[in-house]
Amino acid sequence: MRTITLIVVHCTANKVGSALRMADIDCYHRSLGWSGCGYHYVIPTDGAIEPGRPEECTGAHCKLHNRHSISVAYVGGLARDGKTPCDTRTVAQKAALRKLLGDLHKRYPKALIVGHSDLDPKKPCCPGFDAVREYRDLEPAV
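Okay, so the sequence shown: first residue is 3 according to this note's numbering, each after it adds one.
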């Protein structure tokens, strides 16, 4: 059993309105020689919560932190130009993220909820918003 100390929020770095699904990410990651989708969960623009890599398996999403984390990625993170980072979450994605992160935090109560950018200075725009601040209310009171 893995010890989970982090729940890492990502964006997929696709432009707003992308129709990408977990199955598409799975195919792409397999084309790179990976064993499948590197994220544990993917949330497309319709707000569905799509399981990717099983939670008991180490993810492939954040260098140096994969062994002790669970990853959640929302589809989007880039403006219509496909280059400018921004928070493109739909209302449905915001609701699904909050629900999923709340459920994960109940299962892993000692895990901190962070954005990819909080752990990797080479990814300053992922997930496109301050995940620590947005989900602070899901953390237990100290």
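We put the beta carbon where it would ideally sit given N, CA and C, even for glycine. The structure presented is a predicted model; accordingly, all values stated were derived computationally and were not measured.
Around the Cβ of S73, a 10 Å sphere holds 16 or more other Cβ atoms; the residue is buried.
For H118, the three-state secondary structure derived from DSSP is helix. DSSP places H12 within a strand segment (E or B) once states are collapsed to three. In the structure shown, L80 falls within a strand segment according to DSSP collapsed to helix, strand and coil. In this structure, L80 sits near T90, with a CB-CB distance shorter than 8 Å.
Here V93 is exposed: its Cβ has fewer than 16 other Cβ atoms, across all protein chains shown, within 10 Å.
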